[in-house]
Amino acid sequence: MELSGITVTFGGITALSEVDLAVVPGTVHGVIGPNGAGKTTLFNVACGFVVPDAGTISRAGDRLERLHPHDLAGLGMARTLQGLGLFDRVTVLENVVVGADRHARTGFLGSLLGLPGAAREERALRERAMEVLDRLGIGAYAARYPGSLPYPVRKRVALARALAAEPDLLLLDEPASGLGAADMDELGDLVRGLAAERAISVMLVEHHMDLVMRVCDEITVLDFGRRIAHGPPDLVRNDPAVLAAYLGEEVD
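Following full-length UniProt numbering, the numbering of the sequence shown begins with 1 at its first residue and continues without gaps.
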């Protein structure tokens with residue numbers, strides 16, 4: 001995905017000003033910045049929740065004239081939410097099957113009528129969902145309800161649901177929020193493994209700098225809606241503009 005010249009205003013407030021960002025296939029691209037920098041707005045532009053006032057969005061080289069949230073799965077994209085967004089009244093497995101549903105072919109009517117093809121497809125989707133749960137180490141919770149599980153497990157369920165769609169671009173919105181150090185380390189290993197093993201791209205918006213610096217190949221830094229730095233972690237970590245944005249400057 002490539003975002004070029006993205007500008008977003010809310011009333012008289014400029015949330016983003018001519019921001020560029022390109023997520024390269026098979027890499028993890030982090031977006032960081034102080035509170036109010038525009039990270040969430042940029043993420044929502046990439047997901048179709050916010051329409052930019054100016055700029056372009058391209059996917060696999062094709063310009064998208066208007067991106068809608070319901071277009072994501074068809075474009076090979078999946079996202080997680082800060083608030084998990086799990087369905088508490090169905091099991092973990094059924095939550096993940098929802099993510100795999102983009103691969104369904106028989107449709108609602110076929111499922112409603114109980115056609116043989118629909119039954120086979122339902123079994124295949126459940127198998128696909130179970131494979132993802134096992135991959136994330138939470139297969140034992142398949143029959144449980146999300147509300148009965150520890151928060152770190154629920155975070156993995158949300159990630160499993162996104163992965164069940166088999167995206168080639170995964171958008172992660174603060175995946176480490178609410179996690180302890182050990183769970184955060186496991187998350188970092190998982191994200192790196194996804195990019196390395198499956199050759200998918202990851203766009204990561206995150207507050208935890210240690211996680212971002214460890215897992216990302218490229219980092220874009222925003223401050224007051226503008227891109228102030230971009231590059232690999234070592235370059236960004238020592239950029240004077242980044243240090244000033246996070247730490248402030250000395251005054252007399």
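Where a beta carbon is used, it is the ideal one built from N, C-alpha and C, also for glycine.
The model shown is predicted, which means the values in this text are computed figures rather than measured ones.
Euclidean distance between Cα positions of residue i and residue j
i, j, result
"Lys155", "Leu172", "11 Å"
"Ala37", "Gly225", "5 Å"
"Ala78", "Phe43", "12 Å"
"residue 275", "Ala54", "Within the shown structure, residues of the chain are numbered from 1 to 252, placing residue 275 beyond reach of any answer."
"Asp20", "Leu67", "17 Å"
"Leu194", "Val212", "15 Å"
"Phe10", "Met130", "42 Å"
"Asn95", "Val45", "25 Å"
"His208", "Leu235", "18 Å"
"Phe49", "Glu65", "14 Å"
"Ala244", "Val221", "12 Å"
"Leu3", "Asp168", "17 Å"
"Ala119", "Leu125", "10 Å"
"Pro69", "Val8", "17 Å"
"Asp71", "Tyr151", "29 Å"
"Asp183", "Val242", "27 Å"
"Gly110", "Ile6", "Note that Gly110 has pLDDT 47, beneath the 50 cutoff, so the model's placement of it is unreliable and no number is given."
"Gly180", "Asp210", "13 Å"
"Lys39", "Glu18", "14 Å"
"Asp185", "Leu75", "30 Å"
"Leu149", "Gly178", "14 Å"
"Tyr246", "Arg123", "50 Å"
"Ile200", "Pro232", "18 Å"
"Asp134", "Leu163", "12 Å"
"Ala196", "Ala73", "21 Å"
Which listed residue (the options) has its alpha carbon closest to that of residue i
i, options, result
"Val31", "Val51, Ile6, Arg227", "Arg227"
"Arg161", "Val97, Asn238, Asp71, Gly231", "Val97"
"Gly99", "Leu159, Asp134, Phe10, Gly12", "Leu159"
"Ala15", "Pro52, Glu2, Ala46, Gly26", "Pro52"
"Leu170", "Val8, Thr7, Cys47, Ile13", "Cys47"
"Pro25", "Met1, Val45, Gly5", "Met1"
"Val191", "Arg123, Leu125, Glu121, Thr80", "Thr80"
"His230", "Ala22, Thr7, Val8, Ser17", "Ala22"
"Val132", "Leu149, Arg123, Val157", "Val157"
"Arg128", "Val153, Leu149, Ala165", "Ala165"
Counted within 10 angstroms of its Cβ, other Cβ atoms place residue i as buried (16 or more) or exposed
i, result
"Pro240", "exposed"
"Gly188", "buried"
"Pro175", "buried"
"Phe108", "Low per-residue confidence applies at Phe108: pLDDT is 43, beneath 50, and the placement is therefore not dependable, though the value from the model is reported in the following sentence. Burial call: exposed."
"Asn238", "exposed"
"Ile13", "exposed"
"Glu121", "buried"
"Leu112", "The predicted model places Leu112 with a pLDDT of 45, which falls under 50 and marks its position as unreliable; any figure quoted below should be read in that light. With fewer than 16 other Cβ atoms within 10 Å, it is exposed."
"Asp223", "buried"
If we require 3 or more residues per run, which beta strand (DSSP E) segments fall completely within the region 55-79? 62-64, 77-79
Using 8 Å as the threshold, is the region 83-95 in touch with the region 46-59, meaning 3 or more CB pairs across them? no
Pairing CB atoms from the region 138-148 with CB atoms from the region 195-211, are three or more of them under 8 Å? no
Uninterrupted beta strand (DSSP E) stretches inside the region 151-202 (no shorter than 3 residues): 169-173
So does the region 212-219 actually touch the region 14-31, counting three or more Cβ pairs closer than 8 Å? yes
Between the region 90-98 and the region 143-152, do three or more beta carbon pairs fall short of 8 Å? yes
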